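Taking full-length UniProt numbering, the leading residue of the sequence shown gets 1, the next gets one more, and so forth.
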Amino acid sequence: MNGDPLYHWTALGISTLLMLPMPVAMLAGWAPRWLRNRQAGMRLRAYGILCIYTQMLFYGIPRIADASFEAVMTCMNIGLGFLAIAAVLFLLSALKDASARRPSQVEPRES
Numbered sequence: 001m002n003g004d005p006l007y008h009w010t011a012l013g014i015s016t017l018l019m020l021p022m023p024v025a026m027l028a029g030w031a032p033r034w035l036r037n038r039q040a041g042m043r044l045r046a047y048g049i050l051c052i053y054t055q056m057l058f059y060g061i062p063r064i065a066d067a068s069f070e071a072v073m074t075c076m077n078i079g080l081g082f083l084a085i086a087a088v089l090f091l092l093s094a095l096k097d098a099s100a101r102r103p104s105q106v107e108p109r110e111s
């Protein structure tokens, strides 16, 4: 039912190599060049990427373990929850970046 585990191991290995280093580095304080002018929502963006990675784990690991249909479907639903959390985190990071770029409404001081 779950297919060849080699395909799932390969997909998890490639996704680990491609997706995991970026959010870990972002949480450690490093920012990619194209995101350096949007620092306000950096942590939220990193957590969103980690949620997508977690979703991939919930999709792949039950298939590697040759779990039952019910277990695979339950893990897929949990993975969809992580995908929804990632979408919310990305929206919150965009809102935080937008509010950080907005100039403040402070009146100039008269001397």
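Glycine included, every Cβ here is placed at the ideal spot set by N, Cα and C. The structure displayed is predicted, hence computed values, not measured ones.
Nearest-angstrom Cα distance between residue i and residue j?
i     : j     : result
Phe58 : Ala94 : 26 Å
Ala40 : Asn2  : 42 Å
Leu12 : Gly60 : 7 Å
Ser68 : Gly48 : 29 Å
Ala71 : Pro62 : 7 Å
Pro23 : Arg43 : 8 Å
Phe82 : Leu20 : 16 Å
Arg36 : Thr10 : 32 Å
Leu91 : Asp66 : 35 Å
Ala84 : Thr54 : 12 Å
Determine the extent of the alpha helix (DSSP H) in which residue i is found, giving its start and end residues.
i    : result
Leu6 : 5-19
Rounded C-beta distance between residue i and residue j? I'm assuming under 8 Å.
i     : j     : result
Arg38 : Asp97 : 4 Å
Cys51 : Leu89 : 7 Å
Met26 : Ala46 : 4 Å
Met56 : Ser15 : 5 Å
His8  : Ile64 : 5 Å
Using only the heavy atoms of the ligand SAH, determine whether one of them is closer than 7 Å to the beta carbon of residue i.
i     : result
Ala65 : Questions concerning the ligand SAH fall outside what the structure shown contains, since it holds no ligand whatsoever.
What are the start and end residues of each continuous alpha helix (DSSP H) run of 4 or more residues lying completely inside the stretch 30-64, in chain order?
42-64
Runs of beta strand (DSSP E) wholly within the stretch 67-106 (minimum 3 residues, chain order):
none
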